[in-house]
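Asker: For the protein sequence lines, the chains are A and B, in the order given. Note that this note's numbering has the first sequence beginning at 1, numbered continuously upward. Note that this note's numbering has the second sequence beginning at 1, numbered continuously upward. Don't be surprised by glycine CBs; every beta carbon is placed ideally from N, CA and C.
Number of protein chains: 2
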Amino acid sequence: MKICRVNMANLSVSTEDVPEEWKYLGGRALTSAIVAKEVDPTCHPLGKRNKLVFAPGLLSGTTAPNSGRMSVGAKSPLTGGIKESNSGGTAAQKLARLGIKAIIIEGMPEGGKYYNLHVDKNGIKVQEEKELLGKGNYEVIDVLSKKYGEKIGVITIGQAGEYRMSAANISVKDPHGNIRSAGRGGLGAVMASKGIKYITVDDTDAPGVPIVNLEKFREAARTFAAALREHPITGEGLPKYGTNVLINILNEAGGLPTKNFRMGRFAGANKISGETMYDIIVDRKGKPTHNCHAGCVISCSQVYNDKEGNYVTAGFEYETIWGFGAVCYVNDLDIIAQADRICDDIGIDTIETAVAIAVAMEGGVLPFGDGPGMLDLLREIEKGSPLGRIIGNGAAVTGQVYGVTRVPVVKRQAIPAYDPRAVKGIGVTYATTPMGADHTAGYSVAANILKVGGEVSPLAKEGNVELSRNLQIATAAIDSAGLCLFVAFTLLDNPDAFQAMIDLINAQYGLNMTANDINDLGKSVLVTELEFNKAAGFTRQDDRLPEFFEEEIPPHNAVWDFTGEELDEVFEEIEKEEKVLVPV
Amino acid sequence: MKICRVNMANLSVSTEDVPEEWKYLGGRALTSAIVAKEVDPTCHPLGKRNKLVFAPGLLSGTTAPNSGRMSVGAKSPLTGGIKESNSGGTAAQKLARLGIKAIIIEGMPEGGKYYNLHVDKNGIKVQEEKELLGKGNYEVIDVLSKKYGEKIGVITIGQAGEYRMSAANISVKDPHGNIRSAGRGGLGAVMASKGIKYITVDDTDAPGVPIVNLEKFREAARTFAAALREHPITGEGLPKYGTNVLINILNEAGGLPTKNFRMGRFAGANKISGETMYDIIVDRKGKPTHNCHAGCVISCSQVYNDKEGNYVTAGFEYETIWGFGAVCYVNDLDIIAQADRICDDIGIDTIETAVAIAVAMEGGVLPFGDGPGMLDLLREIEKGSPLGRIIGNGAAVTGQVYGVTRVPVVKRQAIPAYDPRAVKGIGVTYATTPMGADHTAGYSVAANILKVGGEVSPLAKEGNVELSRNLQIATAAIDSAGLCLFVAFTLLDNPDAFQAMIDLINAQYGLNMTANDINDLGKSVLVTELEFNKAAGFTRQDDRLPEFFEEEIPPHNAVWDFTGEELDEVFEEIEKEEKVLVPV
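1) In three-state DSSP terms, what is A/LYS75?
2) Measure the Cβ-Cβ separation of A/GLY89 and A/ARG180 and say whether it is below 8 Å.
3) Alpha carbon to alpha carbon, how far is B/GLY81 from B/ALA437? Give it in angstroms, no decimals.
4) Using CA coordinates, which residue listed in A/LEU238, A/LYS240, A/ALA267 is at the minimum distance from A/GLU252?
5) Just to confirm my understanding: we take B/GLY323, look at its own chain, exclude 5 residues before and 5 after, and list those with CB closer than 6 Å. What are they?
6) Which parts of the region 138-180 of chain A are runs of the beta strand (DSSP E), unbroken and 3 residues or longer, counting only runs that do not cross its ends?
7) Could you give the C-beta distance for A/GLY195 and A/TYR114, rounded to a whole number, given that I count them as a contact under 8 Å?
8) Examine chain A for any beta-carbon lying closer than 8 Å to the beta-carbon of B/VAL582, and answer yes or no.
9) Anyone know if the C-beta pair for A/ILE298 and A/THR234 falls short of 8 Å?
10) I need the straight-line Cα distance from A/THR243 to A/PRO458, nearest angstrom please.
11) Candidates A/GLY274, A/ILE247, A/GLU215, A/ILE211: which alpha carbon is nearest A/TYR241's?
12) What does the Cβ neighbour count give for A/GLU215, buried or exposed, with the cut at 16 atoms within 10 Å?
13) Relative to the alpha-carbon of B/THR514, which residue among B/ALA500, B/SER524, B/VAL527 has its alpha-carbon at the smallest distance?
14) Identify each residue in the region 525-546 of chain B for which the Cβ-Cβ distance to at least one residue of chain A is less than 9 Å, and report them in chain order.
15) Could you name the residues of the same chain whose beta carbon sits closer than 6 Å to that of B/VAL404, not counting the 5 residues immediately before and after it, in chain order?
16) Applying a beta-carbon distance threshold of less than 9 Å, which residues of chain A neighbour B/SER181?
17) Pick helix, strand or coil for B/SER524, following the three-state DSSP scheme.
18) Should A/ARG5 go down as buried or exposed, given a rule of 16 or more other Cβ atoms within 10 Å for buried?
19) In chain order, what residues of the same chain lie with their CB nearer than 6 Å to the CB of A/TYR329, ignoring the 5 residues before and after it?
20) Are there 16 or more other CB atoms within 10 angstroms of the CB of B/VAL487, so buried, or fewer, so exposed?
21) Name, in chain order, the residues that DSSP records as bridge partners for B/PHE324.
22) For B/ARG164, return the contacting residues in chain A, with the cut-off set at a CB-CB distance below 7 Å.
23) Applying the criterion that 16 or more other CB atoms from any shown protein chain within 10 Å of the CB defines a buried residue, is A/PRO408 buried or exposed?
24) Does any CB atom of chain A fall closer than 8 Å to the CB of B/ASN169?
25) Against chain A, which members of the region 39-63 of chain B pass a CB distance test of less than 9 Å?
26) A/LEU58 and A/SER480 look like a contact to me (Cβ under 8 Å); what is the Cβ gap, rounded to whole Å?
27) With 16 as the cutoff for other CB atoms within 10 Å, does A/SER588 come out buried or exposed?
28) Would you identify the three-state DSSP class for A/VAL452, choosing helix, strand or coil?
29) Against chain B, which members of the region 374-403 of chain A pass a CB distance test of less than 8 Å?
30) Taking only beta-carbon atoms, is B/ALA102 less than 8 Å away from chain A?
31) Taking only three categories from DSSP, how would you classify A/ARG590?
32) Measure the CB-CB distance between A/MET108 and A/MET8 and report whether it falls below 8 Å.
33) Taking contact to mean 3 or more Cβ pairs, one atom from each stretch, closer than 8 Å, check whether the region 415-434 of chain B and the region 467-483 of chain B are in contact.
34) Please determine if the region 420-431 of chain A and the region 382-393 of chain A are in contact, where contact requires at least 3 C-beta pairs separated by less than 8 Å.
35) Decide yes or no for the touch test of the region 566-574 of chain B against the region 277-286 of chain B: beta carbon pairs closer than 8 Å, at least 3 of them.
36) What is the rounded straight-line gap between the Cα of B/ASP520 and the Cα of B/PRO56?
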């Protein structure tokens, strides 16, 4: 395995051996370690001192189930802090099979030129790009698939990235030619600032990933896969309804943020729910069950067609449907699907964009519930008009520009699809994760609402600090393994599955890690990220929710009632501990 | 003297005795003390927890020369920190003569209604306002002068404030019906958030300001006035050419930031200089010398007419002319005057707006040097169009929205008209003042360039930390006295004038303050402000200049070379000292 470094200032490529300290890191652990070591925390996120790091997970490229996630890391132009965002698609597995532990992109090209990178068994080639500038992700993938063949891996940015919008994401081609995204934190703008429109990855004749103990690895993979198939969420709920199974569940729980976080229930929930969507998909001959990377045994994705049966979008997630639905007060699933399609194409985070539109609605730019107006706004983003640039820079900018005080962000990143007052565990995660408001950083919804990994009341404070802390630690480890976060549902309920995950890593690398070591890995990732943010100027005051969450949210009339001291307990102990770098 | 409190949530007005601790505070010392005591540093600046405080200076309302400044304080929507911005005009003197030490405006009205406040000898009346909503400051002042008579004092916001723009200022009517502004930090947006369009101040039959030792006061006033008239800057340069005398001086020094801070000299400097402007004003029968408040013996203001001899603008300052001139690469003084006129009318800070436009030029919105395009952009602000809202929210927002890395701000406030690389003392002030980049917070230009108050090289680091520290302390005291900052030129060079200033305060209040006490007053103001900012989440990382100042600036090829540690020395000692609250 090696680390590839691309210097965009002089267009040079070099290859390095993996330093000992990074040898057993992957995914988020590796991107965060590299960013923390090599990036000045005070630098401009779109300047020459920032670096963009791609890293497949520890298990990526193997036959381990659901191990195809790729982490992308940098200093975020949205939050100003460290960022890791990960994605499905085929790139992680291809990079791993090519023996690439990480690609570090640094420097900036002169004169605003754009380039593409082509990665194959011979290394990385940097070529000037003109043809696909200004094009959307669907066209980029289409053109490159014709040029290099259907199997080519593609990592790309759309127009939002080229405009250097703080909500721009990085998109990754999936096995079906559809779009998966490293969505949050504006990493697409960082890729644009490096002058890179896309990266193609060809793993033809790649050496593949060495496995130290193949027998043990296969056995653990079988155990892991079986456990995923047996669990009611990863084996039934997600495969059938996708993540959108959550609309009805959160609506029932009173935690579905509606009309810019005014209410916890949405009258139109039934029209946009996973169950309704399933019927529509089946009726229109779409695919209710679909995977985002090879080796996924959950297949929570789907293909959503329009009334004429034509493809509209894939990977149509709960958070997207909530965003363009409940929070904007829109109850038309076809409009929401179009919104998702446009966002995928222009390469922009659906959560940030939807919340920015809700804030624009709050500011009087368009009325709540105006679905066609919402689509028009997305087209403004594509055009790069002033209004589009406002929205495309996220909820915090939109709020400031329109003088709105009801702006649901933490660390300038939009709060996603679970109200922190009615699902308090996730509120603790929003407040404290170094990523800015991010449900995937410690998905307390599991124990608060889904009764997975124990039960912690969503409406009381008790237990939620501990819950969020433990999940943030576990998540940091899972993100480092390259595993899809959804395996956590099974891991939390099934100790054998958890052991199988550890066995997979041990078998691949010839290690003897224990559950404690995995825990230490998660902690070390968090400490690395927290230290970066501190050096960037973050304080405990950034670990707070906006003022307006003191308002009661119906139906439970819950309020956000954690004190600063209580929130500070999340990481107080971890930060004091001796830093554990690599579990070997 | 009393403190008046207006609660906009229930439209109630109350009057309080001045607490002992605030008795000998005025102006900035008082607004900062009140904001620090009563405003939650983490609150939303446009929310119900922020407060807007107006306070005349310690000497305001008396015959002390140049003592008519009014401080306005709040948590700033631009910087997120504490803010004091002060203005000339007639309001400070009228409020002081009415016995009002401060007006504290708190809470927010329901339903987005607007009100006006009328202040007279009977107290404060709150009345709903409809007629003047959406109107510019010139029309507001015109209508109110007709309604209440020419002598009425007016404090008002224009359209920029109503749009809650982060660069919106608060304007104050001057003795001639022209516009003076508490320009920086977006306090106009805070006034709008309180639902107040304007405040009228009628001091008919006001009791006036009591003077404990009238004889001593008069003598000190005479000494002070004579000293101001004798000093070459306050007695000659400023009266004749206004502040715009600085264009040629800074251009000569290579410290006139040009084309978004690319160069230190502007080829068009001669066309926009104070000397050129003087000739134009005289030629067009304007007024080269004009005062902004009664009792001013400097009269640095002027009335600038167009080619037909019609009034365009007054108080046409160096920083404004630099902003719409050199930094935007525009060399047409008539266009710059129109820009100033529009900004005064819509109520927006000229420095923040000009730098935001330069950043927009950097981002490709319009070409550098496009004067007519610049005026069009200002009209977009007036309209509240998306583009206008971007610019009206300042340089930091404009930079983010257009993905620009060359954004000259500190604490999100635009850097004004002196390049920090070629005038290093002012750079130290920009970096460290709790106000965000602000030349008036510690005008090191005096010793760096004008050779007033000693000589410190503008191009070397030596002595500049100490210079900035001392000037920041002295300025905090001057801002508290209600004195125009320009008296500092005389104070720094003339110990008798400095003593006269102390004598004025002592005579008025029956105190025995020494120079040390004045120093302690200044320190205590700074410590109060620094503590607020710290509690709001500011760290030493916020006391830094943007990355791009490492680039050499011609003609001296100077770079910004202060380390973080060196900058931290500015306040290190002061913060450690025992807090001295009130010198009595």
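Answerer: Answer, in terms of the structure:
1) Within the first sequence, the letter at position 75 stands for residue 75 of chain A. Strand.
2) Counting from one through the first sequence, the residue named residue 89 of chain A turns up at place 89. Counting from one through the first sequence, the residue named residue 180 of chain A turns up at place 180. Against a cut-off of 8 Å, the Cβ pair of A/ARG180 and A/GLY89 comes out as a contact.
3) Here residue 437 of chain B is taken as the residue at index 437 of the second sequence, counted from 1. Here residue 81 of chain B is taken as the residue at index 81 of the second sequence, counted from 1. The alpha-carbon atoms of B/ALA437 and B/GLY81 are separated by roughly 12 Å.
4) Here the question's residue 252 of chain A lines up with position 252 in the first sequence. Considering only alpha carbons, the answer is A/ALA267.
5) Translated into the one-based positions of the second sequence, residue 323 of chain B becomes position 323. Answer for B/GLY323: THR350, ILE351, ALA354, listed in chain order.
6) For the region 138-180 of chain A, the full-length beta strand (DSSP E) segments reaching 3 residues or more read 153-156, 170-173 along the chain.
7) For the purposes of this step, residue 195 of chain A is taken as residue 195 along the first sequence, with counting starting at 1. For the purposes of this step, residue 114 of chain A is taken as residue 114 along the first sequence, with counting starting at 1. Sure, about 5 Å apart at Cβ, within 8 Å.
8) For the purposes of this step, residue 582 of chain B is identified with residue 582 of the second sequence, where counting begins at 1. Here B/VAL582 scores only 49 on pLDDT, less than 50, and its place in the model should not be relied on; the value that follows carries that caveat. Taking 8 Å as the threshold, the shortest C-beta distance from B/VAL582 to chain A does not fall below it.
9) The count along the first sequence starts at 1 and reaches residue 298 of chain A at position 298. The count along the first sequence starts at 1 and reaches residue 234 of chain A at position 234. Yes, Cβ-Cβ distance for A/ILE298 and A/THR234 is below 8 Å.
10) To locate residue 243 of chain A, count along the first sequence from 1; it is residue 243. To locate residue 458 of chain A, count along the first sequence from 1; it is residue 458. Distance between the alpha carbons of A/THR243 and A/PRO458: 20 Å.
11) By 1-based counting over the first sequence, the position of residue 241 of chain A is 241. Cα-wise, what sits closest to A/TYR241 is A/GLY274.
12) By one-based count along the first sequence, residue 215 of chain A stands at place 215. With fewer than 16 Cβ atoms within 10 Å of its Cβ, A/GLU215 is classed as exposed.
13) Along the second sequence, one-based indexing puts residue 514 of chain B at 514. The option with the nearest alpha carbon to B/THR514 is B/ALA500.
14) The region 525-546 of chain B vs chain A, Cβ under 9 Å: LYS534, ALA535, ALA536, GLY537, PHE538, THR539, ARG540, GLN541, ASP542, ARG544, PRO546.
15) By one-based count along the second sequence, residue 404 of chain B stands at place 404. Correct list, in chain order: VAL359, GLU362, GLY363.
16) For the purposes of this step, residue 181 of chain B is taken as the residue at position 181 of the second sequence. Those within 9 Å of B/SER181 in chain A number zero; the least Cβ separation is about 19 Å.
17) Walking along the second sequence from the start, residue 524 of chain B turns up at place 524. Here B/SER524 sits in helix by DSSP.
18) As a position in the first sequence, residue 5 of chain A is number 5, starting the count at 1. By the neighbour-count criterion, in which 16 or more other beta carbons inside 10 Å mark a residue as buried, A/ARG5 falls on the buried side.
19) Here the question's residue 329 of chain A lines up with position 329 in the first sequence. Once the five neighbours on either side are set aside, the close Cβ partners of A/TYR329 are LYS259, PHE368, GLY369.
20) Translated into positions along the second sequence, residue 487 of chain B becomes position 487. Label assigned to B/VAL487: buried.
21) Locating residue 324 of chain B in the second sequence gives position 324, where the first residue counts as 1. Bridge partners of B/PHE324: none, in fact.
22) Working through the second sequence from its first residue, we reach residue 164 of chain B at position 164. Scanning chain A for C-beta atoms nearer than 7 Å to the C-beta of B/ARG164 yields GLY403, reported in chain order.
23) By 1-based counting over the first sequence, the position of residue 408 of chain A is 408. Buried: at least 16 other Cβ atoms inside 10 Å.
24) Taking the second sequence and counting its residues from 1, one reaches residue 169 of chain B at position 169. By this cut-off, B/ASN169 is not an interface position.
25) Against chain A - using a Cβ distance shorter than 9 Å - the residues of the region 39-63 of chain B are ASP40, PRO41, THR42, CYS43, HIS44, PRO45, LEU46, GLY47, LYS48, ARG49.
26) Locating residue 58 of chain A in the first sequence gives position 58, where the first residue counts as 1. Locating residue 480 of chain A in the first sequence gives position 480, where the first residue counts as 1. Between A/SER480 and A/LEU58 the Cβ distance is about 6 Å, and since that is below 8 Å, they are a contact.
27) For chain A, the structure presents residues 1 to 584; residue 588 of chain A sits outside this window and is missing.
28) The count along the first sequence starts at 1 and reaches residue 452 of chain A at position 452. A/VAL452: coil per DSSP, three-state reduction.
29) Cβ contacts with chain B come from SER385, PRO386, LEU387, ARG389, ILE390, ASN393, VAL397, GLN400, VAL401, TYR402, GLY403.
30) As a first step, residue 102 of chain B is located in the second sequence; it is residue number 102 there, counting from the start. No, no contact with chain A.
31) Because chain A is modelled from 1 through 584, residue 590 of chain A falls outside the range shown and cannot be assessed.
32) Numbered from its first residue, the first sequence carries residue 108 of chain A at position 108. Numbered from its first residue, the first sequence carries residue 8 of chain A at position 8. Remark: C-beta atoms of A/MET108 and A/MET8 approach each other more closely than 8 Å.
33) These segments touch.
34) By the Cβ criterion, the region 420-431 of chain A is not in contact with the region 382-393 of chain A, since fewer than three pairs of Cβ atoms, one from each stretch, lie closer than 8 Å.
35) Contact between the region 566-574 of chain B and the region 277-286 of chain B is absent, because fewer than three Cβ pairs lie under 8 Å.
36) Your numbering for residue 520 of chain B matches position 520 in the second sequence. Your numbering for residue 56 of chain B matches position 56 in the second sequence. Distance between the alpha carbons of B/ASP520 and B/PRO56 is about 20 Å.
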